[in-house]
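Numbering-wise, the sequence shown is residues 1 to 372 according to the UniProt record's numbering.
Worksheet for the structure shown next.
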Amino acid sequence: MKHRIVVLGAGYAGAHAAGRLARRLHPADTEITVVNAEPHFVQRVRLHQLATGQHVAGRPLREVFAGTGVTLRQARVVAVDAENGTVTCEDGLHLEFDTLVYALGSTAATEGHHIAGVEGALKVRDRLGELTGGATVLVVGGGLTGIEAVTEIAESRPDLDVRIAVRGDFGDWLSDRARTHLHRVAARLGITVHEHTDGSRLAADLTVWATGFQAHPIAAASGVTVTDGRIVVDETMRSVSHPHVYAVGDAGFAAGPGDRPLRMACATGGPMAWQAADAIAARLTGGTVPENTIRYFAQCVSLGRRDGIIQFVTADDRATPKAIIGRPAARLKEIVCAGAAWNIAHPTLLLPTRRRRLAPATATVTGQHSRA
Numbered sequence: 001m002k003h004r005i006v007v008l009g010a011g012y013a014g015a016h017a018a019g020r021l022a023r024r025l026h027p028a029d030t031e032i033t034v035v036n037a038e039p040h041f042v043q044r045v046r047l048h049q050l051a052t053g054q055h056v057a058g059r060p061l062r063e064v065f066a067g068t069g070v071t072l073r074q075a076r077v078v079a080v081d082a083e084n085g086t087v088t089c090e091d092g093l094h095l096e097f098d099t100l101v102y103a104l105g106s107t108a109a110t111e112g113h114h115i116a117g118v119e120g121a122l123k124v125r126d127r128l129g130e131l132t133g134g135a136t137v138l139v140v141g142g143g144l145t146g147i148e149a150v151t152e153i154a155e156s157r158p159d160l161d162v163r164i165a166v167r168g169d170f171g172d173w174l175s176d177r178a179r180t181h182l183h184r185v186a187a188r189l190g191i192t193v194h195e196h197t198d199g200s201r202l203a204a205d206l207t208v209w210a211t212g213f214q215a216h217p218i219a220a221a222s223g224v225t226v227t228d229g230r231i232v233v234d235e236t237m238r239s240v241s242h243p244h245v246y247a248v249g250d251a252g253f254a255a256g257p258g259d260r261p262l263r264m265a266c267a268t269g270g271p272m273a274w275q276a277a278d279a280i281a282a283r284l285t286g287g288t289v290p291e292n293t294i295r296y297f298a299q300c301v302s303l304g305r306r307d308g309i310i311q312f313v314t315a316d317d318r319a320t321p322k323a324i325i326g327r328p329a330a331r332l333k334e335i336v337c338a339g340a341a342w343n344i345a346h347p348t349l350l351l352p353t354r355r356r357r358l359a360p361a362t363a364t365v366t367g368q369h370s371r372a
């Protein structure tokens, strides 16, 4: 009986995990199934572009996984039973697993207009299309998502009164060089910045919420140990309570350098997926589990299509004095985004390795939660 690996979600983390597992494990004794609600890979890092009416190319997941041996099932997950190794979807699909990679990501932490997913970005796009010149758009939240959203809207719709509301100082986590540039760009684009807005009341014709993300509630109901709805994992992205469950991307709560939790981000999802896939493959084939080397190098921020910031950071994600700004930063950010999409679209071209067979001890317990 083949060892059944189910990957829930095919965003940056889930797609990377599935592709890497397909490169590491032999299809003769493993089967990999990916479950995703959407038929296309969603470039989440470009949703602020989609929200302003720009074309964002989608990649059919069936093309992504064609020839890899990975089975794609388009379905929306509604429940996971970690103890009994089952996944239930709203269309009645029922899957059993020996190893689960949970990568269902996150959604907006606040109701209302947001750009946390395709549906939300399209609603913002439609609402922006209804607004006439002089209408007020307010983006709430001064993190990376809020900054990219407000600058994209201001650049694409200079006829609107675009504002941003932040809890503290605008860009207060950036270096002096980067923060000065951010304020300069906001002024150039005509963005009104409201700082220290806790408890403030601001009127707008459209309010876009960018105050953070939250994990889907499925994990908390699955029986695994969670914190803030995210599955608590060890350094190999393995659940601390259910060793046959791994969590990657926004769905996983993992400690990074300095024991600081890894943040929800594309920059985190990929490395978490690589670590999980390599650990699973090593445990199943009797290999050596690789050491965790996840760390941060930079935060890439687009400020519209022609400007940006590359803020260099320490391993634990704290800003250093060094930053690239302006058009060179915009070009670098575009290279990073395009490269991430290319990696997803070509899951078997990178780091080719010999597909290994399961270790005898693992194969004998497959179908009974082999605790990979």
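Here a beta-carbon is modelled for each residue, glycine too, at the ideal position from N, C-alpha and C.
Quick caveat, the model's predicted, so the values are computed rather than measured.
Task: 8 Å CB neighbourhood of residue 336 in its chain, flanking five on each side removed - done: For the purposes of this step, residue 336 is taken as residue 336 along the sequence shown, with counting starting at 1. Answer for residue 336: 300, listed in chain order.
Task: Inter-residue Cα distance where the pair is residue 246 and residue 159 - done: Stepping through the sequence shown from its first residue, residue 246 is reached at position 246. Stepping through the sequence shown from its first residue, residue 159 is reached at position 159. When rounded, the distance between both Cα atoms is 47 Å.
- [ ] Buried or exposed for residue 27, please, with buried defined as at least 16 other CB atoms from any protein chain shown within 10 angstroms of its CB.
- [x] Reading the sequence shown from its first residue, position 27 is the one you call residue 27. Classification of residue 27: exposed, given that the 10 Å Cβ count is below 16.
Task: Separation of residue 70 from residue 209, as counted between CA atoms - done: If you number the sequence shown from 1, residue 209 lands on position 209. If you number the sequence shown from 1, residue 70 lands on position 70. The straight-line gap from Cα to Cα measures roughly 36 Å.
Open item on the list: Buried or exposed for residue 64, going by 16 or more other Cβ atoms inside 10 Å?
Closed with: Here residue 64 is taken as the residue at index 64 of the sequence shown, counted from 1. It counts as buried.
- [ ] Buried or exposed for residue 148, please, with buried defined as at least 16 other CB atoms from any protein chain shown within 10 angstroms of its CB.
- [x] The residue labelled residue 148 in the question sits at position 148 within the sequence shown. That one is buried.
Task: Length of the line joining the Cα atoms of residue 310 and residue 340 - done: Taking the sequence shown and counting its residues from 1, the one referred to as residue 310 is at position 310. Taking the sequence shown and counting its residues from 1, the one referred to as residue 340 is at position 340. In this structure, the CA atom of residue 310 is about 16 Å from the CA atom of residue 340.
Task: Helix, strand or coil at residue 269 [DSSP, three-state] - done: For the purposes of this step, residue 269 is taken as residue 269 along the sequence shown, with counting starting at 1. Residue 269: helix per DSSP, three-state reduction.
Task: Between the CA atoms of residue 5 and residue 307 - distance to the nearest angstrom - done: In the sequence shown, counting from the first residue as 1, residue 307 sits at position 307. In the sequence shown, counting from the first residue as 1, residue 5 sits at position 5. Their Cα atoms are separated by approximately 42 Å.
Task: Contact between the stretch 279–298 and the stretch 122–136 (3+ Cβ pairs under 8 Å) - done: Taking 8 Å as the limit for Cβ pairs, the verdict is that the stretch 122–136 does not touch the stretch 279–298.
Open item on the list: Suppose the cutoff is 6 Å on Cβ atoms and the five residues either side in sequence are ignored; what does the same chain contact list for residue 82 look like?
Closed with: Locating residue 82 in the sequence shown gives position 82, where the first residue counts as 1. Within the same chain, Cβ atoms closer than 6 Å to the Cβ of residue 82 are found at 222, 223, 224, 242, 245, the five residues on either side in sequence being excluded.
- [ ] Compare the C-alpha of residue 87 against each of 36, 172, 230 and name the closest.
- [x] In the sequence shown, counting from the first residue as 1, residue 87 sits at position 87. Just measuring C-alpha positions, the residue of 36, 172, 230 sitting nearest residue 87 is 36.
Open item on the list: As a quick exercise: from 176, 190, 273, 126, pick the residue whose alpha carbon is nearest that of residue 206.
Closed with: What you label residue 206 is simply residue 206 of the sequence shown in a count that begins at 1. A check of alpha carbon separations from residue 206 across 176, 190, 273, 126 identifies 126 as the nearest.
TODO: Could you pull out every residue in the same chain whose Cβ sits closer than 6 Å to the Cβ of residue 97, ignoring the five residues on either side in sequence?
DONE: For the purposes of this step, residue 97 is taken as residue 97 along the sequence shown, with counting starting at 1. Around residue 97: 4, 6, 85.
Open item on the list: Let's see if you can read the secondary structure: which residues bound the alpha helix (DSSP H) around residue 183?
Closed with: In the sequence shown, residue 183 corresponds to position 183, counting from 1. Taken as a continuous stretch (DSSP letters only), the alpha helix (DSSP H) holding residue 183 covers 176–188.
Open item on the list: I'd like to check one pair, residue 213 with residue 233: are the Cβ atoms closer than 8 Å?
Closed with: For the purposes of this step, residue 233 is taken as the residue at position 233 of the sequence shown. For the purposes of this step, residue 213 is taken as the residue at position 213 of the sequence shown. Cβ atoms of residue 233 and residue 213: not closer than 8 Å.
Open item on the list: Beta-carbon within less than 6 Å of residue 262's beta-carbon, same chain only, minus the 5 sequence neighbours each way: which residues are those?
Closed with: Reading the sequence shown from its first residue, position 262 is the one you call residue 262. For residue 262, the CB contacts under 6 Å within the same chain, skipping 5 residues up- and downstream, are 254, 256, 268 in chain order.
Task: Selected residue, minimal CA-CA separation from residue 347, among 61, 201, 144 - done: Locating residue 347 in the sequence shown gives position 347, where the first residue counts as 1. For the residues 61, 201, 144, the minimum Cα distance to residue 347 belongs to 61.
Open item on the list: Check for me: the alpha helix (DSSP H) holding residue 328 runs from which residue to which?
Closed with: Numbered from its first residue, the sequence shown carries residue 328 at position 328. Here the alpha helix (DSSP H) through residue 328 covers 327–345.
Open item on the list: Using a Cβ-Cβ cutoff of less than 6 Å, which residues in the same chain neighbour residue 177 once the five nearest sequence positions on both sides are dropped?
Closed with: As a working note, residue 177 is residue 177 in the sequence shown. 323.
Task: Per DSSP, cross-strand counterpart(s) of residue 277 - done: Translated into positions along the sequence shown, residue 277 becomes position 277. Paired residue(s): none; residue 277 is not in a bridge.
Open item on the list: With a threshold of 7 Å on Cβ separation, who are the neighbours of residue 274 within its own chain once the five nearest residues in sequence on each side are excluded?
Closed with: Residue numbering aside, residue 274 sits at position 274 when the sequence shown is read from its first letter. Excluding residues within five positions, the ones whose Cβ falls inside 7 Å are 16, 20.
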